[in-house]
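Quick notes on the structure that follows.
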Amino acid sequence: SPSNDEMLQMYALAKVAKQEDISKASKPGMFDLAGKAKQSAWQKEVDAGTSPEEAEKKYVELVNQLKEKYG
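In this text, residue positions in the sequence shown follow the UniProt record's numbering: the first is 1, and each later residue adds one.
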């Protein structure tokens with residue numbers, strides 16, 4: 001099954017592709033480590049300037065790679 005990093009990348013790309021606004025997202029709580037990891041992955045894509053179109057393309061490519069890797 002996909003690794004945590006692969007799942008986080010999929011999450012971040014999906015958020016960008018759906019044009020969700022990270023500045024309006026609720027912040028994860030202090031002890032919400034999974035939430036913080038998701039927010040960090042999403043912020044990384046935002047900071048990289050990934051457009052929704054790029055994110056959608058990268059998401060599809062990643063899913064296809066994971067299908068080949070994990071079957």
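For every residue, glycine included, the Cβ atom is placed at its ideal position computed from N, Cα and C. The structure presented is a predicted model; accordingly, all values stated were derived computationally and were not measured.
C-alpha gap between residue i and residue j, whole angstroms
i, j, result
"ASN64", "GLY49", "23 Å"
"ALA12", "ALA41", "6 Å"
"LEU62", "MET10", "7 Å"
"LYS57", "SER51", "10 Å"
"SER1", "LYS38", "18 Å"
Per-residue DSSP class, three states only, for residue i
i, result
"SER40", "helix"
"residue 74", "The question about residue 74 has no answer here: the residues shown for the chain are numbered 1 through 71."
"MET30", "coil"
"GLU45", "helix"
"GLN19", "coil"
"GLY71", "coil"
Residue from the options with nearest C-alpha to residue i
i, options, result
"GLU54", "SER1, GLN19, SER3 and LEU8", "GLN19"
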